[in-house]
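Heads up, the thing below is written out as structure tokens.
4 protein chains.
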Amino acid sequence: MPLTPDQLAEIEAQRATPRATLRAVSEGMEAHLYRAHPVLDHGFIRVIDYMGDDAAIVQAARVSYGAGTKHVQNDEGLIRYLMRHWHSTPFEMCEIKLHVKLPVFVARQWIRHRTANVNEYSARYSILDREFYIPAPEHLAAQSTVNNQGRGEVLQGEEAARVLDILKSDANRAYDHYEAMLSQDGQQGLARELARMNLPANIYTQWYWKVDLHNLFHFLRLRADPHAQYEIRVYAEAIAACVKDWVPLAYAAFEDYRMGGVTLSAKAIAVLKRRLAGETVTQEASGMSKGEWREFVEVWG
Amino acid sequence: MPLTPDQLAEIEAQRATPRATLRAVSEGMEAHLYRAHPVLDHGFIRVIDYMGDDAAIVQAARVSYGAGTKHVQNDEGLIRYLMRHWHSTPFEMCEIKLHVKLPVFVARQWIRHRTANVNEYSARYSILDREFYIPAPEHLAAQSTVNNQGRGEVLQGEEAARVLDILKSDANRAYDHYEAMLSQDGQQGLARELARMNLPANIYTQWYWKVDLHNLFHFLRLRADPHAQYEIRVYAEAIAACVKDWVPLAYAAFEDYRMGGVTLSAKAIAVLKRRLAGETVTQEASGMSKGEWREFVEVWG
Amino acid sequence: MPLTPDQLAEIEAQRATPRATLRAVSEGMEAHLYRAHPVLDHGFIRVIDYMGDDAAIVQAARVSYGAGTKHVQNDEGLIRYLMRHWHSTPFEMCEIKLHVKLPVFVARQWIRHRTANVNEYSARYSILDREFYIPAPEHLAAQSTVNNQGRGEVLQGEEAARVLDILKSDANRAYDHYEAMLSQDGQQGLARELARMNLPANIYTQWYWKVDLHNLFHFLRLRADPHAQYEIRVYAEAIAACVKDWVPLAYAAFEDYRMGGVTLSAKAIAVLKRRLAGETVTQEASGMSKGEWREFVEVWG
Amino acid sequence: MPLTPDQLAEIEAQRATPRATLRAVSEGMEAHLYRAHPVLDHGFIRVIDYMGDDAAIVQAARVSYGAGTKHVQNDEGLIRYLMRHWHSTPFEMCEIKLHVKLPVFVARQWIRHRTANVNEYSARYSILDREFYIPAPEHLAAQSTVNNQGRGEVLQGEEAARVLDILKSDANRAYDHYEAMLSQDGQQGLARELARMNLPANIYTQWYWKVDLHNLFHFLRLRADPHAQYEIRVYAEAIAACVKDWVPLAYAAFEDYRMGGVTLSAKAIAVLKRRLAGETVTQEASGMSKGEWREFVEVWG
């Protein structure tokens with residue numbers, strides 16, 4: 224359970240007192256505010272704040288005095304045009320702030336997206352909780368035999384049990400020792416900034432993460448992708464569900480042009496044109512490498 | 224007059240319909256929303272949106288579930304501590320979006336602050352208005368005789384009149400020709416992306432500009448500084464007045480530690496310590512260059 | 224002529240004294256160093272410095288101790304893989320520094336690429352030269368009748384002559400007045416930071432611009448594109464020619480996957496698949512808007 | 224020993240073949256290239272490449288055609304002026320690329336500096352080595368009793384021995400289990416992207432890190448500061464020693480104005496001025512908080 228009753232009460236208290244504002248309001252997002260969407264075994268994402276809505280994208284693109292147009296049709300067309308032609312700056316005019324609880328090894332991937340603002344819970348200053356990510360049995364996968372950075376089949380039987388046992392017992396032992404080293408009961412007590420080094424990468428950390436919509440879409444495209452590691456993909460998917468309620472027009476354009484789209488190389492365009500003209504093209508005749516051809520055939524048959 | 228009656232009506236319409244939100248609200252900032260604060264002869268700044276308040280800075284610094292503490296005393300102490308120790312990330316958790324109308328030569332300085340989001344009115348796509356910055360007589364200054372990038376005395380008499388006359392007539396002639404080249408009346412009409420090259424740097428442009436509070440403070444420190452060019456400083460000052468109403472605790476810390484503060488070099492520290500010990504120190508004995516010593520004496524006598 | 228004899232002599236002096244280095248060296252780039260490649264009527268780009276080569280991309284991708292592999296085949300395959308899968312960080316490990324002379328209205332577009340380092344010649348501090356961009360007759364185009372931000376036919380006859388005459392005489396008059404206002408001959412002399420406001424957007428400025436290869440590729444993709452304004456496109460093309468000599472493998476991958484590639488939306492993929500299966504698909508049945516369909520048909524017929 | 228004989232041989236091979244270049248060369252930096260400077264028990268920093276030197280800073284500040292001036296006196300004065308007045312862009316014109324081996328908990332602090340390029344060794348793709356940071360006895364410190372994020376006294380006797388024993392045995396057990404889970408000997412073998420989650424934060428990782436000189440100075444100011452955690456400070460110090468040999472004038476200015484300098488608040492300036500006038504000022508009369516006063520007195524007595 225990611226949140227304590229006290230924390231849940233604190234959240235409901237924040238949701239109990241709406242206030243008046245003159246700013247753009249997204250009803251879809253108001254319903255999410257502060258609430259924890261569970262991810263993995265102890266993690267979550269919570270929307271803490273947001274700025275802008277679909278109309279704000281249109282308004283910035285036009286540098287206009289009022290809100291976006293009243294005709295949703297026009298707004299939608301413009302938003303799709305902006306997305307299609309990589310006009311990224313109007314999407315940067317929306318901003319979201321999230322509170323995220325996540326395993327450290329996921330945080331290490333996440334932080335590589337640099338165009339965002341982050342405040343992480345400090346293990347130099349504070350003591351971390353005893354919470355570790357232990358994969359559910361159906362996510363305990365073997366190394367892929369075809370992809371150096373991917374997973375293959377789910378682990379079976381005794382091996383799966385052995386792995387789970389290792390992960391649990393090592394995490395608990397590491398945490399017992401963390402506490403023992405920190406303790407000032409009858410001893411000096413190791414500095415927190417040193418004791419933390421004993422903790423494994425599946426311990427949970429948390430942070431506030433703030434990002435504009437353009438950079439968030441970039442994050443989602445890479446991390447909600449089927450090739451992303453499962454443990455970060457589920458965070459991306461939970462965020463995507465909130466974004467869809469926040470800026471439905473922009474999200475629909477993102478789904479069509481980015482998530483559901485593909486990029487073709489000049490060579491791939493040439494092959495498709497030959498195919499459309501009725502020709503059969505082999506890998507050898509395509510100019511593509513074997514790996515490239517395999518990826519091409521996955522999409523186009 | 225920077226705004227037309229239609230634009231003013233549009234703004235008042237936006238202010239007429241408060242909506243309910245669960246987000247952090249800054250009453251001080253709500254009073255500014257959408258309204259144009261005039262700057263220079265035709266410019267303005269308008270706050271279009273904001274995210275966060277003083278409590279949001281505290282909340283992010285603590286990575287907490289609820290709002291900031293209820294004790295303003297504690298929030299203030301923490302905010303001052305963060306500012307003093309250059310902990311910049313909590314201030315990045317607040318965001319502001321402005322609509323700014325400004326002369327092109329000011330826009331060219333402004334844009335050098337890269338950590339911000341911008342949508343500028345496009346003179347490739349649209350036709351600019353006939354609005355030029357013409358300095359008020361008291362701001363028409365001669366080149367400084369001591370500072371290569373500064374101003375000296377105000378221009379006097381005939382010279383002042385001559386300069387104003389040049390600026391006005393050249394601007395108007397340039398705009399007349401701009402219109403004449405664009406015209407499709409009895410001719411093809413030059414492309415807008417080309418015609419704009421005839422317009423001088425005092426023509427007004429406008430943009431939406433979005434920035435986080437940390438980077439805004441950096442902008443204000445450099446541009447509200449007495450050494451900044453007057454024409455950008457007045458924009459910085461107009462923004463600063465809004466920020467003060469938005470996040471009063473953070474702004475007070477900024478004033479004390481940044482705007483009102485100074486940075487001392489190791490050499491300057493050594494000189495001050497010798498002075499505190501009763502010694503008289505000359506420039507020669509200070510290890511500072513003449514320029515550096517002049518700047519030091521300006522502050523410390 | 225963009226460079227004076229003195230400047231050319233200075234450049235040749237810099238090229239006259241090779242020095243020993245242990246760093247990665249790109250022979251192709253050494254041939255370009257310091258030399259001015261003319262662009263437009265008075266502009267140029269010059270490569271001032273560079274860091275890395277194709278092997279450096281490979282080396283960073285592998286976080287290895289030595290240089291890239293000796294087998295160019297492998298390096299090429301890896302570089303193409305990285306480009307295809309949007310692994311951008313290895314390309315960020317190469318850096319280039321350029322000296323560029325360009326009209327102000329081009330500089331204003333260019334600066335919108337924020338992830339770069341810039342030092343611009345300061346018209347607050349110094350006096351600009353009397354150099355203006357005047358389009359060659361074949362680039363003097365009318366406004367496009369189909370695209371709000373594009374050009375159509377070349378201007379003809381008297382209209383063309385009239386436009387050129389306006390551009391030249393307004394530029395010269397503006398510069399005459401700039402000099403007259405600055406002059407301290409018998410008058411105080413207007414501050415440089417004010418006098419510059421009289422200069423039109425086709426005056427030349429110059430800057431040092433430093434950027435990593437990933438962000439440079441992004442710049443080239445947008446600015447060497449046929450839809451970019453001609454006056455910035457020629458700069459992008461001149462830079463691209465140097466990049467091709469600097470990192471030939473990375474540039475070839477960029478050409479195949481980015482410059483020569485296209486992005487298909489989910490809807491476009493569906494249409495192409497139906498066509499490959501022998502079906503005829505109309506705009507109405509495609510789910511695309513008219514504008515989108517027009518762009519689709521441009522590529523796929 | 225951080226490097227194997229093979230790696231050392233590879234490095235010496237790279238140093239054996241100087242090549243000719245027309246670029247700016249820093250002799251001081253050439254001596255460092257590729258060589259590993261040991262940090263902590265298994266870490267190092269190595270300079271892989273650099274761009275620019277002191278003259279390049281001057282050249283960019285002046286947007287000039289040739290190299291910096293021949294008069295070092297002038298260059299030094301200008302560089303000090305730029306540093307003193309926070310003109311950061313000329314310093315951004317120098318760039319450095321490092322190969323760093325460091326414990327994961329140090330890497331997590333380091334990566335918070337976002338304006339840099341990073342390629343990290345991937346534990347999704349590859350298997351990490353059995354190398355862990357175990358503090359030397361003199362760096363095994365207790366939690367500070369006055370500072371929530373600092374260290375106090377060195378641990379003594381049995382407690383120190385107990386801590387070292389825990390750190391070593393937990394690290395080794397975690398690594399044994401990591402290998403056991405990965406093994407495909409008689410079992411499927413857990414995916415590398417999952418197995419890594421069992422490894423503690425003192426395991427070593429490595430990356431290529433590229434940054435411009437301005438942002439590097441910012442990093443060094445925060446991380447070479449006495450309040451930074453020891454384990455990152457030693458990396459900052461090792462880098463600083465190389466920077467000093469690379470750009471001696473810029474580094475000297477950095478030392479004087481940043482590392483050795485202090486920032487005074489408006490309140491602190493007022494107190495110092497009263498003291499210089501002979502007055503005795505108490506904390507109560509200073510307007511400062513107790514914490515602020517303590518920090519003030521640390522410097523000024």
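Protein chains in written order, with the numbering used here: chain A, 224 to 524; chain B, 224 to 524; chain C, 224 to 524; chain D, 224 to 524.
Backbone N, C-alpha and C fix where the C-beta goes; we use that ideal spot for every residue, glycine too.
Query raised in the report: Anyone know if the C-beta pair for B:V480 and B:V327 falls short of 9 Å?
Result: As a first step, residue 480 of chain B is located in the second sequence; it is residue number 257 there, counting from the start. As a first step, residue 327 of chain B is located in the second sequence; it is residue number 104 there, counting from the start. In the sequence under discussion, the amino acid at residue 480 of chain B is Tyr, which differs from the Val named in the question. Not in contact: B:Y480 and B:V327 (Cβ atoms no closer than 9 Å).
Query raised in the report: Hey, does A:E402 have any beta-carbon neighbour from chain D nearer than 9 Å?
Result: Position 179 of the first sequence, counted from the start, is the residue given in the question as residue 402 of chain A. It does not: the Cβ of A:E402 has no partner Cβ on chain D nearer than 9 Å.
Query raised in the report: Along the segment 430-443 of chain A, what residues have a CB closer than 7 Å to any CB found in chain B?
Result: W430, Y431, K433, D435
**Report entry** Proximal chain A residues relative to C:I492, where beta-carbon distance stays under 8 Å
**Finding:** Indexing the third sequence from 1 puts residue 492 of chain C at position 269. Chain A residues near C:I492: G483, G484, V485, V522.
Requested in this report: Between the Cα of D:Q411 and those of A:V386, A:R285, A:A447, A:N395, spot the shortest distance and give me the residue it belongs to.
Outcome: On the fourth sequence, position 188 is the one that residue 411 of chain D refers to. Looking at the Cα atoms, A:V386 is the closest of the given residues.
Query - For B:G375, three-class secondary structure by DSSP - result: Here residue 375 of chain B refers to the residue found at position 152 when the second sequence is read from its first residue. Strand.
Query - Rounded separation between B:E518 and B:L487 - CA only - result: Within the second sequence, residue 518 of chain B is the residue found at index 295, counting from 1. Within the second sequence, residue 487 of chain B is the residue found at index 264, counting from 1. Rounded to the nearest angstrom, the two C-alpha atoms are 11 Å apart.
Requested in this report: Please classify A:M316: does DSSP put it in a helix, a strand, or coil?
Outcome: Taking the first sequence and counting its residues from 1, the one referred to as residue 316 of chain A is at position 93. Helix at A:M316.
**Report entry** Unbroken beta strand (DSSP E) run spanning B:Y273, endpoints
**Finding:** Counting from 1 along the second sequence, the entry for residue 273 of chain B is found at position 50. Looking at the DSSP string, the run of the beta strand (DSSP E) that includes B:Y273 is 266-274.
Report task. Measure the alpha-carbon distance for D:C317 versus D:L436 and round it to whole angstroms. Result -> In the fourth sequence, residue 317 of chain D corresponds to position 94, counting from 1. In the fourth sequence, residue 436 of chain D corresponds to position 213, counting from 1. Each residue's Cα considered, the two are about 5 Å apart.
Query raised in the report: Would B:I302 pass as a contact of B:A447 if the rule is Cβ separation under 9 Å?
Result: By one-based count along the second sequence, residue 302 of chain B stands at place 79. By one-based count along the second sequence, residue 447 of chain B stands at place 224. No. Outside cutoff.
Report task. Please check if any C-beta of chain C sits within less than 9 Å of the C-beta of D:G275. Result -> Position 52 of the fourth sequence holds residue 275 of chain D. Cβ-Cβ to chain C under 9 Å: yes for D:G275.
Report task. Reducing DSSP to helix, strand and coil, say where A:A359 ends up. Result -> Taking the first sequence and counting its residues from 1, one reaches residue 359 of chain A at position 136. Here A:A359 sits in coil by DSSP.
Report task. Starting from the Cα of C:F267, find the closest Cα among C:Y273, C:G375, C:D276, C:H255 and give me that residue. Result -> Translated into positions along the third sequence, residue 267 of chain C becomes position 44. For C:F267, the nearest C-alpha among the options comes from C:H255.
**Report entry** Three-way DSSP call (helix, strand, coil) for D:I261 in this model
**Finding:** On the fourth sequence, position 38 is the one that residue 261 of chain D refers to. Ile is not the amino acid found at residue 261 of chain D; the sequence shown has Pro there. Of the three classes helix, strand and coil, the one that applies to D:P261 here is strand, per DSSP.
**Report entry** B:P313 versus B:N438 - alpha carbon distance
**Finding:** Counting from 1 along the second sequence, the entry for residue 313 of chain B is found at position 90. Counting from 1 along the second sequence, the entry for residue 438 of chain B is found at position 215. Between B:P313 and B:N438, the C-alpha separation is close to 12 Å.
**Report entry** Rounded separation between C:S249 and C:V470 - CA only
**Finding:** As a working mapping, residue 249 of chain C is identified with position 26 in the third sequence. As a working mapping, residue 470 of chain C is identified with position 247 in the third sequence. About 8 Å.
Query raised in the report: What does DSSP give as the partner residues of C:V323 in its beta bridges?
Result: Locating residue 323 of chain C in the third sequence gives position 100, counting from the first residue. In DSSP, C:V323 forms a bridge with C:I268, C:W430.
Query raised in the report: Hey, is A:T505's beta-carbon within less than 9 Å of any beta-carbon in chain C?
Result: Counting from one through the first sequence, the residue named residue 505 of chain A turns up at place 282. So, not an interface residue.
Requested in this report: Taking only beta carbons into account, state which residues of the segment 396-427 of chain A come closer than 8 Å to chain D, listed in chain order.
Outcome: Within the segment 396-427 of chain A, those residues whose Cβ lies closer than 8 Å to any Cβ of chain D are, in chain order, R396, A397, H400, A403, M404, L405, Q407, Q410, Q411, G412, L413, A414, R415, E416, L417, R419, M420, N421, L422, P423, A424, N425.
Requested in this report: Apply the 10 Å Cβ neighbour rule to A:Q332 and answer buried if 16 or more other Cβ atoms are within range, or exposed otherwise.
Outcome: As a position in the first sequence, residue 332 of chain A is number 109, starting the count at 1. The residue is buried, with at least 16 neighbouring Cβ atoms inside 10 Å.
Query - Residue nearest to B:A330 in terms of C-alpha spacing, selected from B:L390, B:Y431, B:I492, B:N421 - result: Numbered from its first residue, the second sequence carries residue 330 of chain B at position 107. Comparing Cα-Cα distances from B:A330 to each of B:L390, B:Y431, B:I492, B:N421, the minimum goes to B:Y431.
Query raised in the report: Which residues of chain B have a Cβ atom closer than 9 Å to the Cβ of C:D298, listed in chain order?
Result: Along the third sequence, read from residue 1 onward, the residue named residue 298 of chain C stands at position 75. Those within 9 Å of C:D298 in chain B number zero; the least Cβ separation is about 33 Å.
Query raised in the report: Using the C-alpha atoms, what's the distance from B:G483 back to B:G449?
Result: Along the second sequence, one-based indexing puts residue 449 of chain B at 226. Along the second sequence, one-based indexing puts residue 483 of chain B at 260. Reading the sequence as shown, one finds Pro at residue 449 of chain B and not Gly. Rounded to whole angstroms, B:P449 to B:G483 spans 12 Å at the Cα level.
Report task. Establish whether the CB of D:P326 and some CB of chain A are separated by less than 9 Å. Result -> Start at 1 with the first residue of the fourth sequence, and residue 326 of chain D comes out as number 103. Yes - at least one Cβ of chain A is within 9 Å of the one on D:P326.
Requested in this report: Check the Cβ-Cβ distances between A:L390 and every residue of chain D, and say whether any is below 9 Å.
Outcome: As a first step, residue 390 of chain A must be located in the first sequence, where it is residue number 167. It does: the Cβ of A:L390 has a partner Cβ on chain D nearer than 9 Å.
Report task. Would you identify the three-state DSSP class for C:R242, choosing helix, strand or coil? Result -> Position 19 of the third sequence, counted from the start, is the residue given in the question as residue 242 of chain C. Three-state DSSP puts C:R242 in a strand.
Query raised in the report: What did DSSP end up calling C:L487 once you bin it into helix, strand or coil?
Result: If you number the third sequence from 1, residue 487 of chain C lands on position 264. Correct three-state label for C:L487: strand.
Query raised in the report: Closest Cβ-Cβ distance between A:R242 and chain B: below 9 Å?
Result: On the first sequence, residue 242 of chain A is found 19 positions in, with the first residue counted as 1. Closer than 9 Å: yes.
Requested in this report: Compare the Cα-Cα distances from B:V283 to each of B:Y257, B:A459, B:A247, B:E507 and report the closest residue.
Outcome: Taking the second sequence and counting its residues from 1, the one referred to as residue 283 of chain B is at position 60. Note that residue 283 of chain B corresponds to Ala in the displayed sequence, not to Val. Of the candidates B:Y257, B:A459, B:A247, B:E507, the one whose C-alpha sits nearest the C-alpha of B:A283 is B:A247.
Query raised in the report: In its own chain, which residues sit with a C-beta less than 8 Å from the C-beta of A:A424, not counting the 5 before and 5 after it?
Result: To locate residue 424 of chain A, count along the first sequence from 1; it is residue 201. Taken in chain order, the residues that qualify are P326, V327, F328, R331.
Query - Secondary structure of B:D479, DSSP reduced to three states - result: Start at 1 with the first residue of the second sequence, and residue 479 of chain B comes out as number 256. DSSP places B:D479 in helix when its eight states are reduced to three.
Report task. Name the residue from A:S392, A:P358, A:N371, A:N395 whose alpha carbon lies nearest to the alpha carbon of A:V377. Result -> Taking the first sequence and counting its residues from 1, the one referred to as residue 377 of chain A is at position 154. Nearest option by C-alpha distance: A:P358.
Query raised in the report: How should B:P360 be labelled, buried or exposed, when 16 other C-beta atoms within 10 angstroms of its C-beta is the threshold for buried?
Result: On the second sequence, position 137 is the one that residue 360 of chain B refers to. Exposed, by the Cβ-count rule.
Query raised in the report: If you run the structure through DSSP and keep just helix, strand and coil, what is D:V341?
Result: In the fourth sequence, counting from the first residue as 1, residue 341 of chain D sits at position 118. Three-state result, D:V341: strand.
Report task. Find out if the Cβ-Cβ distance for the pair D:T244, C:E253 is shorter than 9 Å. Result -> Here residue 244 of chain D corresponds to residue number 21 of the fourth sequence, with the count starting at 1. Here residue 253 of chain C corresponds to residue number 30 of the third sequence, with the count starting at 1. Taking 9 Å as the Cβ cut-off, D:T244 and C:E253 qualify as a contacting pair.
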